[in-house]
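So the structure is just underneath, and the comments pick up after that.
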Amino acid sequence: MGEVYAARHMRLGKGVAIKVISRRLTEDTDAIERFALEARTLAQVQHPAVVAIEHVGELADGRAYFVMEYLRGESLFERMRRGKPVLPEALRILDQMARGLEAAHAQGIIHRDLKPENTFLVHLPDEPPIVKLVDFGLAKLRNADDLRAEKTQSGVAIGTPMYMSPEQARGPDVDNRTDIYALGCVAYELVLGVPPFPHAKTAPELYAAHLHEAPPLPRAIWPEIPPQLDLCLFAMLAKDPAHRPTLAQVRSVIDAVRTDSQQRIATQWVSPSKARRTHPIWLVLAVVMLCCGIAFGFVVGRGTGQVHTDTVDATLPTSRSVG
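Numbering of the sequence shown is given in the numbering used here, commencing with residue 1331 and proceeding in unit increments.
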């Protein structure tokens, strides 16, 4: 979409970042509208976990630009390249990411491209890094008809294949729960050190995995994972959006693990009376799957070109073969 420059505000003397639309897109009406949408999106979400926008304008040659706060640090992708963080660090990052998404969703904004590269860790002296969600260039507004936000044709997948929800792989008609799926993909990498579908290497393989395969249970990768975190990570990647936990539920699990209150959270969610009152479908399904020790996936039959339902051991990563 454009280029980002480090700059200094001449009157205030502080550092800022300036994003300028690419020269090759100056005649692309759709691209210009989406660039403007990103600026409006960031302006609507005022939260510590979302990068702040400070100004919009136009250069002398007609190119649009907007000014953001300057962030000093590294992307989550760069942090993960140095190795898997310890659990307290991973949970702190995930909690802040969830808070930023909650703020965006409260404004009717769906990120649609949540991934480590779009999550920035701001370095502070003598303090843990703080999270900033960035790059809302693929964001969708629920009131898209008003702002002409959605310019893609039906059936076109938008986003990054490794972190794309099943419904997003089918097309652009998604809601807030697609970001929860993406957060679950990031959480797998952050907590377990591997993506949900490590065997998938190409975009078509990733699309197929998100659409039809069950990811390995987190406890199969890390047997010492706290039980409620095991359930939560698995449930975030439910194929049916209705079976995923809410961001508030994700944050409650994170809080329980961080404060070592496993008995309190287990009693709260497993109690039949509580389950009837709150209908935590995602938790019930996850518990059933754990108790039964099975997960359901789809296998593409060898040589037949037909899709067959199969039952596999949920304690092992599912494998798929293409005829």
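We treat Cβ as the ideally placed atom computed from N, Cα and C, and that holds for glycine.
Could you pull out every residue in the same chain whose Cβ sits closer than 8 Å to the Cβ of residue i, ignoring the five residues on either side in sequence?
{"i": "leucine 1372", "result": "Val1380, Val1381, Ala1382, Ile1383, Phe1396, Met1398 and Phe1466"}
{"i": "valine 1516", "result": "Leu1406, Leu1424, Met1427, Leu1444, Lys1445, Pro1446, Thr1449 and Tyr1493"}
{"i": "lysine 1344", "result": "Arg1338 and Tyr1400"}
{"i": "serine 1603", "result": "Residue placement at serine 1603 cannot be trusted, given a pLDDT of 45 that sits under 50; the coordinates are not used to answer."}
Considering residue i, what are the terminal residues of the alpha helix (DSSP H) in which it resides?
{"i": "leucine 1463", "result": "That residue, leucine 1463, is in no alpha helix (DSSP H); its beta strand (DSSP E) goes 1457–1463."}
{"i": "aspartate 1443", "result": "Per DSSP, aspartate 1443 belongs to no alpha helix (DSSP H) and is neither H nor E."}
{"i": "tyrosine 1511", "result": "1507–1517"}
{"i": "phenylalanine 1527", "result": "No alpha helix (DSSP H) holds phenylalanine 1527; DSSP gives it neither H nor E."}
{"i": "serine 1582", "result": "1577–1588"}
{"i": "aspartate 1358", "result": "That residue, aspartate 1358, is in no alpha helix (DSSP H); it is neither H nor E in DSSP."}
{"i": "alanine 1539", "result": "1533–1542"}
{"i": "isoleucine 1551", "result": "1548–1551"}
Residues in its own chain within less than 7 Å of residue i by CB, not counting five upstream and five downstream?
{"i": "alanine 1369", "result": "Ile1383, Val1386 and Phe1396"}
{"i": "threonine 1508", "result": "Ile1440, Arg1442, Ser1495, Glu1497 and Gln1498"}
{"i": "glutamine 1426", "result": "Ala1379, Ile1460 and Val1461"}
{"i": "proline 1455", "result": "none"}
{"i": "proline 1525", "result": "Met1492, Cys1515, Tyr1518 and Glu1519"}
{"i": "asparagine 1506", "result": "His1435 and Ile1440"}
{"i": "valine 1464", "result": "Val1381, Asn1448 and Phe1450"}
Going by the beta-carbon positions, is the gap between residue i and residue j smaller than 8 Å?
{"i": "methionine 1566", "j": "glycine 1523", "result": "no"}
{"i": "valine 1587", "j": "leucine 1559", "result": "yes"}
{"i": "arginine 1393", "j": "arginine 1353", "result": "yes"}
{"i": "leucine 1577", "j": "leucine 1431", "result": "yes"}
{"i": "alanine 1361", "j": "methionine 1410", "result": "no"}
{"i": "tyrosine 1511", "j": "arginine 1422", "result": "no"}
{"i": "glycine 1489", "j": "leucine 1451", "result": "no"}
{"i": "proline 1548", "j": "isoleucine 1555", "result": "yes"}
{"i": "histidine 1377", "j": "alanine 1433", "result": "yes"}
For residue i, collect the residues of the same chain with a Cβ closer than 6 Å to its Cβ; drop the 5 residues on either side in sequence, then sort them by chain order.
{"i": "glutamine 1437", "result": "Gln1374 and Val1375"}
{"i": "tryptophan 1552", "result": "Leu1522"}
{"i": "valine 1334", "result": "Ala1347 and Lys1349"}
{"i": "leucine 1417", "result": "none"}
{"i": "phenylalanine 1527", "result": "Ala1539"}
Going by DSSP, which residues form a beta bridge with residue i?
{"i": "threonine 1449", "result": "Leu1463"}
{"i": "tyrosine 1335", "result": "Ile1348"}
{"i": "lysine 1569", "result": "Looking at the DSSP assignment, lysine 1569 forms no beta bridge with any residue, so it has no partner."}
{"i": "serine 1405", "result": "Phe1450"}
{"i": "histidine 1385", "result": "Val1397"}
{"i": "methionine 1380", "result": "Before going on, a small fix: residue 1380 reads as valine here, not methionine. Its beta-bridge partners are Leu1463."}
{"i": "lysine 1470", "result": "Ile1440"}
Name the two residues that bound the continuous beta strand (DSSP E) containing residue i.
{"i": "glutamate 1399", "result": "1394–1399"}
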